[in-house]
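Note sheet for the following structure.
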Amino acid sequence: MNKNPEYFKMIVQEGSITKAAEKMFVSQPYLSQYITKLEKELDIKLLNRNKTPLELTEAGKIYYNYLRNSQQLRKKLTLELDSLNYERSTTLNLGFSPWRGSTLLPDILPIFSKKYPKVQLELNEHPANELQNLLKNNKVDLVIVNSSLDVDSDINKEIICYEKIKLVSNKNNEKTKMIKEAVAQKNENPLEIIENERFVLLKKGLLISDMVHDYFENMKIVPKNKIYTTNNTTALNLVSVNMGFGFIVVSSGFINNISENLEFIDLNSEDLTVPLVALYRKDDFLSAATRDFIDITKKHYNLP
241 MNKNPEYFKM
251 IVQEGSITKA
261 AEKMFVSQPY
271 LSQYITKLEK
281 ELDIKLLNRN
291 KTPLELTEAG
301 KIYYNYLRNS
311 QQLRKKLTLE
321 LDSLNYERST
331 TLNLGFSPWR
341 GSTLLPDILP
351 IFSKKYPKVQ
361 LELNEHPANE
371 LQNLLKNNKV
381 DLVIVNSSLD
391 VDSDINKEII
401 CYEKIKLVSN
411 KNNEKTKMIK
421 EAVAQKNENP
431 LEIIENERFV
441 LLKKGLLISD
451 MVHDYFENMK
461 IVPKNKIYTT
471 NNTTALNLVS
481 VNMGFGFIVV
491 SSGFINNISE
501 NLEFIDLNSE
511 DLTVPLVALY
521 RKDDFLSAAT
531 RDFIDITKKH
541 YNLP
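Numbering of the sequence shown is given in my numbering, commencing with residue 241 and proceeding in unit increments.
What follows is the structure, encoded as structure tokens:
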């Protein structure tokens with residue numbers, strides 16, 4: 241019926257035959273002829289060309305869903321066959337935040353690759369919001385990320401563990417001992433001690449940063465001296481040379497190859513607890529390799 245379904249899906253995605261032609265490296269007249277021929281073959285209009293961007297007709301919506309379902313069924317068939325044969329060569333696309341990838345993968349990939357030596361891995365490291373978009377657009381198969389409990393209805397969420405966002409300080413900073421003592425004495429607002437100190441924080445808009453700022457607001461803390469970064473490693477390195485205080489997500493089995501200058505302080509607040517989750521599409525069949533990757537990750541965090 242349709243030898244090039246990707247053409248139609250790209251037209252729908254771009255809302256324009258011209259833009260779709262550019263993305264698919266074909267001419268605009270060729271793509272227009274493709275649509276005309278397809279509509280003639282099906283004997284029904286698929287696109288409303290009087291709208292900008294182009295809109296699907298009711299028939300177009302049915303056909304588009306048919307193409308998506310066909311793609312998923314073919315992928316499911318391949319994965320089910322792969323699950324019966326560990327030696328079959330296949331590719332698993334994984335998504336992580338840059339920090340998560342650098343701290344988690346060295347521990348679990350050797351275990352996974354030993355069991356699935358023929359599985360090729362493609363690692364995608366992006367911020368959490370970008371990873372969810374990649375997942376929805378079939379660019380990745382599985383995402384391991386800190387995420388709020390609210391996700392899109394077409395995505396499955398499996399909780400791996402709950403992690404704490406801890407205050408990070410330099411051990412040689414004179415305020416470090418004071419904060420630890422305040423926490424031990426169950427001071428309700430230990431950050432008052434360092435409110436006027438410098439903070440090295442993740443840029444606003446990132447989940448962990450937003451949670452930290454909400455915590456500041458709840459505690460009526462208004463940091464006046466701030467350095468913003470998008471990179472956890474940069475933040476930790478700055479704290480390690482006593483350039484300020486920061487926050488980092490910490491879980492069991494975490495602190496490997498971290499500077500000995502750093503102190504990680506649990507402020508004992510529910511506001512600073514965040515789930516680590518595995519995300520995958522609801523309409524996808526999980527291969528044995530994907531299922532095992534999730535289970536190996538859970539075991540790494542000491543969960544059944």
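Quick reminder that beta carbons are idealized off the backbone N, C-alpha and C, glycines included.
Asked	Found
Pair within 8 angstroms by beta-carbon distance, residue 368 and residue 342	no
Whole runs of the alpha helix (DSSP H) within the stretch 419-473, excluding any shorter than 4 residues	447-458
Sheet register partners of residue 518 (DSSP bridge)	384 and 398
Pairwise C-alpha distance: residue 402 and residue 506	14 angstroms
C-alpha distance - residue 528 paired with residue 521, whole-angstrom precision	15 angstroms
Nearest-angstrom beta carbon gap, residue 408 and residue 485 [assumed within contact, 8 angstroms]	7 angstroms
Contact under 8 angstroms by Cβ, residue 285 with residue 276	no
Inter-residue Cα distance where the pair is residue 268 and residue 465	54 angstroms
Supposed contact pair residue 421 and residue 461 - C-beta distance, whole angstroms, cut 8 angstroms	With a Cβ gap of about 18 angstroms, residue 461 and residue 421 do not count as contacting.
Through-space distance from residue 300 to residue 406, alpha-carbon basis	51 angstroms
Selection from 271, 451 and 502 that minimises the alpha carbon distance to residue 473	502
Bridge partner(s) assigned by DSSP for residue 410	502
Residues near residue 477 in its chain [Cβ-Cβ closer than 7 angstroms; skip 5 each side]	none
Secondary structure of residue 334, DSSP reduced to three states	strand
Beta carbon of residue 307 nearer than 8 angstroms to that of residue 245	yes
Residue 347 burial status per 10 Å Cβ neighbour count (16 or more: buried)	exposed
The beta strand (DSSP E) enclosing residue 236, as first and last residue numbers	Outside the shown range of the chain, which is 241 to 544, sits residue 236, and nothing can be said about it.
Residue of 410, 261 and 542 minimising C-alpha distance to residue 487	410
Cutoff 8 angstroms: residue 508 Cβ touching any chain C Cβ	No chain C is present in this structure, which holds just one protein chain.
Separation of residue 387 from residue 447, as counted between CA atoms	7 angstroms
Range of the contiguous beta strand (DSSP E) that encloses residue 490	485-490
Residue 294 to residue 260 span [Cα, whole Å]	11 angstroms
Collapsed DSSP secondary structure at residue 288 in the structure displayed	strand
According to DSSP, residues forming a beta bridge with residue 416	DSSP output for residue 416 lists no bridge partner at all.
Residue 252: first and last residue of the uninterrupted alpha helix (DSSP H) it sits in	245-254
Continuous alpha helix (DSSP H) stretch holding residue 533: start and end	528-540
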